[in-house]
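Counting from 11, one number per residue, gives the positions in the sequence shown under this note's numbering.
Cβ atoms here follow ideal geometry from the backbone N, Cα and C, with glycine treated the same way.
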Amino acid sequence: MIAHLQRASNTVGLLSYPYGPGERGDHVSPRLIAGEGHGAPIELLAEPGSLPYLAHALDAPVERLGARVPAQPTWICSVRSDPRQPDLTDSQWAAVARRLVDVTGIAPEGDPDACRWIAVRHRPRQVHVVATIAREDGSLHNGYRDAFRLQSECHLLAAELGHLPIAPQSTPRTQETRMPSPSITITAEPSGSVSTKGASDDLSATLLKHAGFQQIDDWYGRRHRLPTTTPTDDRAAIATHAAKMLRAARYGVDLDPALDTTKAFTSANPLGPYAAGAELLRLTEQIRSAETGADLKQALDHLLDPEHGALERIREALEAAGEQITDLDDEAFQLADRFGFAEDFVHSAMSELVDSEDELLGVGRPQQPSDQAQTRSRWLPQFRGAAVAASPAAAKAQVSASPDARSTQPSAASIPPRAPGPRL
C-alpha cells in the first residue's frame, strides 16, 4: 500500500480530478466513502455537479483565517493498494482513510476541532483523501513528517491485510572450520625495489613468479622481489596483481598503499565506474560543508529541483526500469510493480520536501517579527447557507480571534487518546 501526498492552493480545482474522468478515462463511479464536515452536509454535496459547494464547505475554516491563510491550504493524499492483492471494499477503504487522517493529525479520532476532510473512491485499488489544513479552532495543521507517517501507517495496514510477502526462513549453515591463512607483506624498499616477506611455500612462490617477481634462494631463504630497474607504474601494477592472486588463494596480504593501484580511484573517482554514486558523494560533502542556509539551499537544489534534481532523475530511472521490464517480458509484472512501488516512495520523499527553499534560507538566521501579514486573493464561489455551516467549535474560534479575547491553544489533554484503528 502506497500513499502520495501533495498540497494545492485551490480546493475546487483539485476536486475536479477525482470526480472527473481521469487522465486515461479510467475513473468509474466517483463516490464519497468517508469524511467529516463538522456540520456541513458533505454527503449531499459530494456529487460532480456540486463540487463548488463541496469545496466551499471544506474551505469554510480556511476562510475564517483571513490574512493568515497559507499559500497551499489544501491537503490531498492518494492511496493505492498492491495490484497483486484482492481489492478492498468501500467500508475497508473508508477505515483506511480514517486511520490515515488520524495518524497524520489531520483528524485525530475524537477531536472536535479537527480539519474537514473527505475520502473519494473513483477507481479500483485507489482512494483520494482531500482535506483543508485549517482546524475548526482557527489553528493550522502542522504537516511536518506527514509523508513519513503515511508510509509507516500504509506499511502497517499492508501487514494487517496480509499483503506483505513473508520473509523466507533462513536455513542455518554448517559452521565452516578454517585454518589460519598465511600472511604475506609486499613493501616498497628505499632502493626502489619491491620485496615480499612472510609465507614462502610453493603455492605463494608460484603465484608471485607468475605475477612477475623474481625468486631468490640464498642463505636468507626463499625470497621474491622486483628489480630496482622496474618502472614505477609497472612496480605498482605487478604488486597489485600479485596481491589479488594471493588473496584469491586465501593468503592474507598486506600491500603497501603506494603500490596499490586500486587507490587511484580515491582522488578522481572514489567509486570507480559508479560515476553517479560518486557525484552524489561529492554533493553530500558539499552539503556537510555548508556554512549558511543559503549555501545549504544551493547544495540541496541539485538534489531537490523538481525538474532536474537527482531525486527526480532517480524517480524517472525507476519508472523507466518498470516500463522496460514490462516491454521485455509480459510475465514479469510483479518485478515491474516492485520498481513502481520504489518510484512511489521516491515521489513521496519529494513531496515531503516540497517548498522547503524558503525555510532553508532561514536556517541559522535569527527570527525577526514580520510587520506585514501575508495577503492572498483566491476565487471562491459565492455560495452560502448550509455549505458554510460551522461546528460548535467554530464559535469558540471566532471569539478567540477578537482583540479582547485571550488566545488559547488546544491542549493535549482535550484530545482523547487514540483508540486502536480498525483492523481490516
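CA-CA distance, residue i and residue j?
| i | j | result |
| --- | --- | --- |
| ILE196 | THR206 | 5 Å |
| SER401 | GLU146 | Low confidence applies to SER401: its pLDDT is 46, below 50, so where it sits in the model is not reliable enough to give any reading. |
| LEU370 | GLN296 | 15 Å |
| THR302 | HIS312 | 16 Å |
| ARG388 | ASN20 | Residue placement at ARG388 is flagged as unreliable, the pLDDT there being 40, under the threshold of 50; the coordinate-derived value follows with that caveat. Rounded to the nearest angstrom, the two C-alpha atoms are 8 Å apart. |
| ALA169 | THR114 | 19 Å |
| ALA105 | ARG126 | 16 Å |
| HIS151 | THR272 | 53 Å |
| ASP92 | TRP103 | 13 Å |
| SER203 | ARG245 | 8 Å |
| ALA13 | PRO58 | 24 Å |
| LEU42 | ALA144 | 21 Å |
| MET255 | GLY332 | 40 Å |
| GLY47 | ILE335 | 44 Å |
| ASP121 | LEU171 | 27 Å |
| LEU390 | GLY76 | Confidence at LEU390 is low in this model, with a pLDDT of 35, below 50, so its placement is unreliable and no value can be given for it. |
| PHE343 | LEU166 | 24 Å |
| ARG375 | LEU290 | 27 Å |
Does the distance from the C-beta atom of residue i to that of residue j stay below 7 Å?
| i | j | result |
| --- | --- | --- |
| THR142 | THR84 | yes |
| ARG367 | LYS307 | Residue 367 is actually Glu in this sequence, not Arg. Going by C-beta atoms, GLU367 is nearer than 7 Å to LYS307. |
| ALA18 | GLN95 | no |
| LEU55 | ALA44 | no |
| VAL89 | VAL79 | no |
| VAL130 | ALA65 | no |
| HIS2 | ARG323 | Any answer about residue 2 is impossible in this case: the structure gives the chain only from 11 up to 434. |
| PRO28 | PRO40 | yes |
| LEU265 | ALA253 | yes |
| SER201 | THR238 | yes |
| LEU475 | LEU174 | In the structure displayed, the chain extends from 11 to 434; residue 475 sits before or after that span and is not available. |
| LEU328 | PHE349 | yes |
| VAL140 | ALA107 | no |
| ALA309 | ALA300 | yes |
Around the Cβ of residue i, are there at least 16 other Cβ atoms within 10 angstroms (buried) or fewer (exposed)?
| i | result |
| --- | --- |
| LEU24 | buried |
| SER193 | exposed |
| GLN136 | buried |
| SER162 | exposed |
| THR240 | buried |
| LEU338 | exposed |
| ASP156 | buried |
| HIS220 | exposed |
| ALA346 | buried |
| TYR154 | exposed |
| SER214 | buried |
| TYR284 | exposed |
| MET11 | buried |
| ASP211 | exposed |
| ARG292 | exposed |
| VAL38 | exposed |
| ILE226 | exposed |
| GLU341 | exposed |
| SER380 | Only weak support exists for where SER380 lies, its pLDDT of 46 falling under 50; the value from the coordinates is given anyway. SER380 should be labelled exposed. |
| GLY148 | buried |
| ARG109 | buried |
| HIS234 | buried |
| ASP112 | buried |
| HIS318 | exposed |
State the DSSP-derived secondary structure class of residue i, mapped to helix, strand or coil.
| i | result |
| --- | --- |
| ARG139 | Residue identity differs from the one stated: residue 139 is Val in this sequence, not Arg. Residue state, collapsed to three classes: strand. |
| THR197 | strand |
| CYS125 | coil |
| GLU46 | strand |
| THR206 | strand |
| GLY115 | coil |
| SER149 | coil |
| ARG260 | coil |
| VAL106 | helix |
| HIS318 | coil |
| THR84 | strand |
| GLN95 | coil |
| VAL130 | strand |
| ALA249 | helix |
| ARG78 | helix |
| ALA268 | helix |
| ALA144 | strand |
| ARG155 | coil |
| PRO402 | Because the pLDDT of PRO402 is 47, which lies under 50, any placement of that residue in the model is unreliable, and the number read from its coordinates should be weighed accordingly. It is helical. |
| GLY30 | coil |
| GLU362 | helix |
Going by the DSSP bridge assignment, what does residue i pair with across the sheet?
| i | result |
| --- | --- |
| GLN225 | HIS234 |
| CYS164 | BP columns for CYS164 are empty, so no partner. |
| LEU291 | In the DSSP output, where bridge partners are listed per residue, LEU291 has none listed. |
| HIS14 | SER88 |
| ARG41 | ARG131 |
Can you find a C-beta in chain B that's less than 7 Å from the C-beta of residue i?
| i | result |
| --- | --- |
| ARG109 | Of the chains in the structure shown, none is chain B; there is only one protein chain. |
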